[in-house]
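Comments concern the structure below.
Number of protein chains: 2
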Amino acid sequence: MEPELTGTNLVRVTFRPDGKAVEVERGETLLSAAQAAGIPLVSICGGEGICGRCRVIVRGGKVEAAPTLHLSREEIKKGYVLACQARVLSDVEVEVPPESREGAAAAVDRDARGFLAPEAEARDTFAREPLVRKLYLELPPPTLEDNTGDQERLFREVRRRAEAPILQAGLKVLRGLPPLLRGAGWRVTVTLAQRGGTVELLQAEPGDRAREAYGVAVDVGTSTVVTHLMDLRTGKTLGAEARYNSQRAFGEEVTRRIIAAEREGLEKLQGAVVEDINGLIALLIEQAEVKLQDVLAVMCAGNTAMTHFLLGLPPGTLRKSPYVAAALAPPPVRAAEVGIRINPRGLLYVVPGIGGWVGGDVTAGLLATGLFRATEPFLFIDIGTNGEVVLGDGDWMVAASASAGPAFEGAGVTCGMRAARGAIHRVEFASGGVRYWTVGDEPPRGLCGSGIIDTVAGLFRAGYIDRSGRLDPDRPGVVEWHGELAFRLVPEGEGAREVVVTQRDIENVLRAKAAIYAAVSILLREMGLEPERIKQIYIAGAFGSHIDPENAVALGLVPDLPGAEITFVGNTSLAGAKLCLLSKDAFAEAERLARRVTYYDLINCPYYYEEFMAAKFLPHTDLSRFPTVVKTLRLGEPV
Amino acid sequence: MEPELTGTNLVRVTFRPDGKAVEVERGETLLSAAQAAGIPLVSICGGEGICGRCRVIVRGGKVEAAPTLHLSREEIKKGYVLACQARVLSDVEVEVPPESREGAAAAVDRDARGFLAPEAEARDTFAREPLVRKLYLELPPPTLEDNTGDQERLFREVRRRAEAPILQAGLKVLRGLPPLLRGAGWRVTVTLAQRGGTVELLQAEPGDRAREAYGVAVDVGTSTVVTHLMDLRTGKTLGAEARYNSQRAFGEEVTRRIIAAEREGLEKLQGAVVEDINGLIALLIEQAEVKLQDVLAVMCAGNTAMTHFLLGLPPGTLRKSPYVAAALAPPPVRAAEVGIRINPRGLLYVVPGIGGWVGGDVTAGLLATGLFRATEPFLFIDIGTNGEVVLGDGDWMVAASASAGPAFEGAGVTCGMRAARGAIHRVEFASGGVRYWTVGDEPPRGLCGSGIIDTVAGLFRAGYIDRSGRLDPDRPGVVEWHGELAFRLVPEGEGAREVVVTQRDIENVLRAKAAIYAAVSILLREMGLEPERIKQIYIAGAFGSHIDPENAVALGLVPDLPGAEITFVGNTSLAGAKLCLLSKDAFAEAERLARRVTYYDLINCPYYYEEFMAAKFLPHTDLSRFPTVVKTLRLGEPV
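First to last, the sequence lines map onto chains R and X.
Per this note's numbering, the first sequence starts with residue 1, numbered consecutively.
Per this note's numbering, the second sequence starts with residue 1001, numbered consecutively.
This is how it looks when you write it as structure tokens:
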């Protein structure tokens, strides 16, 4: 028995190097303690001991740790434990190593800046008139002949300059008008925001402040939150910041988070992502030297569950048939109403979603790629924790969601990571060996999505794995690793962490690609569309880099259609959100678009499982579907 | 020197029979003490010792009272003082007699129920579709084939039943939808509110609650606040309540209250009228057995300063040239935002005003009388603390405001009162003597507006006063009263209070009628309209009764136009507010109407003073303008 304070069962956990301490119940996990202390520990599996990411070092005191394969004997000797598997028995002191820490100052996501060619094109389609904008006005002072009210004088001038048939201002603004207008000599800058079919006069400021108008576009991903700071006047991107979604502490998968919201309270999940966004905005404005009061709007795109968490809408009905959202197209709200810190009267917009499992991120993608006005058959695949597939033929569009898991986002695989500095984003298997490239040319820390696709496709094309994904133990680099086979891409001691791809990782990747391919296949069959008619395949997602189309097809992630052009379009969720922020026409198009797309639920499909299982082979059980791959790799021929 | 507590200068004032006590600084007035204690003392002049209404009896302790003519020697002996003129020197005990107390349970205002003939006519003009209404919906439950969001399902059904191109709901409503819809078996009642050009879904309730939809129409008068409870579904009036506007403690005149707001804080004036309205609503719903949550909207009409106080808009610019409002057409706001207690999401609407000194009460009047669609020349006179005059010819309308003072509202004259029980509302001078009628046939307590007009006109027509308004001391009933001449209408000891009209009261009435007549005269001259072309004269106001047109003309309050029909239309501010509440078309018409009327500021007029002075005679200095009166009374002939 430990000595115990009379009448209390509380123990103290101190985190190094932060120096933050917190009191928790004896028996709590270190992960809970870290959450309570506000220490941003990486946790991908939601505290189930599966991901092995929440490694911390116990420097003093006593904990009880469950056995795990994620730690080597040497590490255990050094005091390493998985925070989620270690229960506190006494006052303890714990060190959080850098790799286990979700950095507040996340590295800029390269991916979020790239691949904007289609966005640029779509941008030309829409008039640049931001949803929220400033207008400098010089009003004629009132006289006895022209003595209408201050509000009416202001509105009259606004209407001379802008289209605003329905114009409204809140009481707080009206109360401030008389002193403001007179103090400013009738020269003021108003902020106008589109709300539904109406325009709200959000604020009035003295003098000419029309140049100071900023907005933030946010891709609220299940794994990653990516933000761009936009100059609403010039349309320029002033900065980009990204970080993992802190909700991952509640579970990697959407469903798990919905259950967590039901059990622990929706406000916890809301608070987590809101604080992520607040932190990113704080970074963005500091770097760009922009004042918080001049950030007037936030435009978010995300899957339906993410926008529910963000707005505090109950997500429970999303996880049960018939998978219904509380709201697919929520109204713009005061950002402050959900806790987002920008101008106190600034607005939060959400790109409208298509269905319970096909969200506004897909609407944004169809907008950013210009596919909303496609005239030929196309396929759009957005690869995230869920993979969404949209098939269209120019007249109709139908969308489905496949539960891919986060493998392609750099999570759920042993050495996966987000496309931040040190991530291996490209891998080539050449005759002379394996080459890789990292983000920022820094020492390798792990694999991001494009690196994982390159590695698994490369292993297959180079014959390291067979069509079922099994590693050949006799190949160079294939090693025994914690009781299973693994391909060691980077050995330890190169001044970098060891980077491996395990047998289990490969199975994860195959399951992910099979789920996506099955969705594509089912939509094609259900809509009776000849695959050969497809001219364009757009692949969106936060991979970290362009993907070699040959690798994507060899993996069986993308159908093998020699007549179709495959284009990697990057993070179109973010690109679409930016378009909406910069153009009210684009946002109006997004609203129409979300209603135009038909949602097809794969759960409905009697042959889904069959399609999924058949797609788990490399590239596919049915080789006739992958003629190019068969020809290139000479599959089916006797070796 | 008085004995004094060390270190403090506070004294205690206890009010009987309430038993409420309050500590105030030595030297404070009893009126201030009463305000601090929440004792509703009548005070018309705002604490200047002029109205003589705040009579209280000092039962113990020491006060220093300024001399006043409002109290007889007997009263002073009994301990009577004017609360505003009495300064507290020690702990005191004070009795508040019933006549000095603003009853919380004010008697129903007869006037507010009457004179609705033009309103009924105007009501037929507009479709009865209230600004806020309930709709019972039976939704098809979601299926895999029809699994749109809860919001979208609800909106789809609303749009099948109602015109709502732009439909919005707040986050709070959306957050409650999923459990509500499922718990109610998809049978719900929604509340829809018109806000600008959009419809807000204010709330959703389980089951069919469409019958429980109520609204309150309010005439926010400078002197009196009148409320009607409306059944929004049937259009019926369920109850009427009125009371003096508590802001009178800050001054009788609008300008004085604006100064008080600047000195003491706008929130005090706002709080006063908001609590009046809350008290009246509480009474109305108790009597009608209506739940507060089912009161969904409040529609207020009042002059521009009154709506500024109500909404907390700074009124300061109204009192200085060029007399500009903060907002003439304020947007609908959540009633709770200004402290009005109805359904927490219920809305407060304000009938839009015309100019800084011609408010929404006049817009409401032009609406309720149907004059907004007049095709012939007309004159509309709304007599309140300010008298507003609108002249129109079918094509144009021009409005002006005359500072009449509250004489016709039963205030500012010695025995004046609101048209509550016991008010003398009709007076006839016949050969056999003077007859009078009281509200509720109760013992006379004072004179309301129509009684005052009847009395002064009667005195003139019967020869008790000459053309300058001087009382003839030799006539029966004309007595010496506190140092001036007065006509005693009701002697003391008839089981009732003495009711007199003093020489000074008559002068007040003549000033009031002169201000209004001058405005009429100036508008006619400025617009170049031949008076003979006028076919209709509408007179609105809270007089307490119909007024004899002959008396109104004999007084010179209304022009002497034999070809014009004079109609008394009662409280059209309230009638118009009711119309707006019951018909969104009527409210939309009020918005257009307010913009159509041109505001003419009398301050602009170089011959205003001349016109005013000429109109102070009975009926007017220029007898040629009053041919009928001259003929009937044989004026100008040698006696």
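For each residue, glycine too, the CB sits at the ideal point set by N, CA and C.
1. Please return the same chain residues whose Cβ sits closer than 6 Å to the Cβ of threonine 255 (chain R), not counting the five positions on each side in sequence.
2. Using three-state DSSP, classify tyrosine 1538 (chain X) as helix, strand or coil.
3. So with Cβ pairs under 8 Å, would you call isoleucine 1539 (chain X) a contact of chain R?
4. Does lysine 1584 (chain X) come out as helix, strand or coil in the three-state DSSP assignment?
5. With distances taken Cα to Cα, identify the nearest neighbour of methionine 230 (chain R) among R:Gly271, R:Met299 and R:Arg243.
6. Cα separation between alanine 407 (chain R) and arginine 59 (chain R)?
7. For alanine 249 (chain R), count neighbouring C-beta atoms within 10 Å of its own C-beta (all shown protein chains included) and say buried if the count is 16 or more, exposed if not.
8. Which of helix, strand or coil does DSSP assign to arginine 418 (chain R)?
9. Looking at C-beta atoms only, is the number of pairs between the stretch 1485-1504 of chain X and the stretch 1401-1421 of chain X that lie closer than 8 Å three or more?
10. Give me the Cβ distance between arginine 1187 (chain X) and glutamate 1138 (chain X), rounded to the nearest whole Å; I'm assuming they're in contact under 8 Å.
11. Evaluate the contact criterion for the stretch 445-463 of chain R versus the stretch 419-428 of chain R: three or more CB pairs, one atom per stretch, below 8 Å.
12. Name, please, each residue of chain R whose Cβ falls closer than 9 Å to the Cβ of leucine 1144 (chain X).
13. What is the DSSP secondary structure of leucine 1598 (chain X), reduced to helix, strand or coil?
14. Could you compute how far the alpha carbon of glycine 170 (chain R) sits from the alpha carbon of glutamine 35 (chain R)?
15. Counting only Cβ pairs nearer than 9 Å, list the residues of chain X close to isoleucine 166 (chain R).
16. Helix, strand or coil, according to DSSP, for threonine 369 (chain R) in the structure here?
17. For alanine 1083 (chain X), count neighbouring C-beta atoms within 10 Å of its own C-beta (all shown protein chains included) and say buried if the count is 16 or more, exposed if not.
18. For valine 274 (chain R) and asparagine 9 (chain R), what's the separation of their Cα atoms in angstroms?
19. On the criterion of 16 or more Cβ atoms from any shown chain inside 10 Å, does glycine 1359 (chain X) qualify as buried, or is it exposed?
20. Between X:Phe1543, X:Glu1064, X:Gly1433 and X:Ile1281, which has its C-alpha nearest serine 1450 (chain X)'s C-alpha?
21. Among X:Glu1023, X:Ala1457 and X:Glu1611, whose alpha-carbon lies nearest the alpha-carbon of valine 1553 (chain X)?
22. Suppose the cutoff is 7 Å on Cβ atoms and the five residues either side in sequence are ignored; what does the same chain contact list for alanine 1514 (chain X) look like?
23. CB leucine 379 (chain R) to CB phenylalanine 372 (chain R), shorter than 8 Å?
24. What are the start and end residues of each continuous alpha helix (DSSP H) run of 4 or more residues lying completely inside the stretch 219-255 of chain R, in chain order?
25. What is the DSSP secondary structure of proline 1206 (chain X), reduced to helix, strand or coil?
26. Answer yes or no: do alanine 1564 (chain X) and lysine 1584 (chain X) have a C-beta to C-beta separation smaller than 8 Å?
27. Would a C-beta distance cut-off of 8 Å place glycine 1394 (chain X) and alanine 1374 (chain X) closer than the cut-off?
28. Contact check, leucine 1510 (chain X) vs valine 1499 (chain X) under 8 Å by CB: the rounded distance?
29. Is serine 1072 (chain X) buried or exposed, if buried means 16 or more other CB atoms sit within 10 Å of its CB?
30. Could you tell me the distance, in whole angstroms, from the CA atom of arginine 1113 (chain X) to the CA atom of glutamate 1286 (chain X)?
31. May I ask you to check if the CB of alanine 1210 (chain X) is nearer than 7 Å to at least one heavy atom of the ligand SAH?
32. Is the CB-CB distance between glycine 1316 (chain X) and proline 206 (chain R) below 8 Å?
33. Under DSSP, the beta strand (DSSP E) around glutamate 428 (chain R) begins and ends at which residues?
34. In the DSSP assignment, the beta strand (DSSP E) including alanine 1486 (chain X) goes from what residue to what residue?
35. So if I threshold CB-CB distances at 9 Å, which residues from the stretch 214-247 of chain R count as touching chain X?
36. Which whole-angstrom value is the C-beta distance of valine 1478 (chain X) and aspartate 1454 (chain X), which I expect to be below 8 Å?
Let me lay it out:
1. Arg319
2. strand
3. Not an interface residue.
4. helix
5. It is R:Met299.
6. Computed Cα separation, rounded: 33 Å.
7. buried
8. coil
9. yes
10. 5 Å between Cβ atoms; contact.
11. These segments touch.
12. Ser321, Pro322, Tyr323, Asp601, Ile603 and Asn604
13. For the record, residue 1598 (chain X) in the displayed sequence is threonine; it is not leucine. In the structure shown, threonine 1598 (chain X) sits in a strand (DSSP, three-state: E or B).
14. 39 Å
15. Think of a sphere of 9 Å around the beta carbon of isoleucine 166 (chain R): the chain X residues whose beta carbon falls inside it are Ile1166, Gly1196, Gly1197 and Thr1198, in chain order.
16. coil
17. buried
18. 33 Å
19. Burial call: buried.
20. Answer by Cα proximity: X:Phe1543.
21. X:Ala1457
22. Phe1612, Ala1615 and Lys1616
23. Going by C-beta atoms, leucine 379 (chain R) is not nearer than 8 Å to phenylalanine 372 (chain R).
24. none
25. Proline 1206 (chain X): strand per DSSP, three-state reduction.
26. Not a contact, by the Cβ cut-off of 8 Å.
27. yes
28. The pair is not a contact, with the Cβ atoms about 20 Å apart (cut-off 8 Å).
29. exposed
30. Confidence at arginine 1113 (chain X) is low in this model, with a pLDDT of 39, below 50, so the placement of that residue is unreliable and no value is reported for it.
31. Ligands in the displayed structure: none, and consequently the ligand SAH is not present.
32. Cβ atoms of glycine 1316 (chain X) and proline 206 (chain R): not closer than 8 Å.
33. 423-430
34. 1484-1490
35. Residues of the stretch 214-247 of chain R whose Cβ lies closer than 9 Å to any Cβ of chain X: none.
36. Between aspartate 1454 (chain X) and valine 1478 (chain X) the Cβ distance is about 17 Å, and since that is not below 8 Å, they are no contact.
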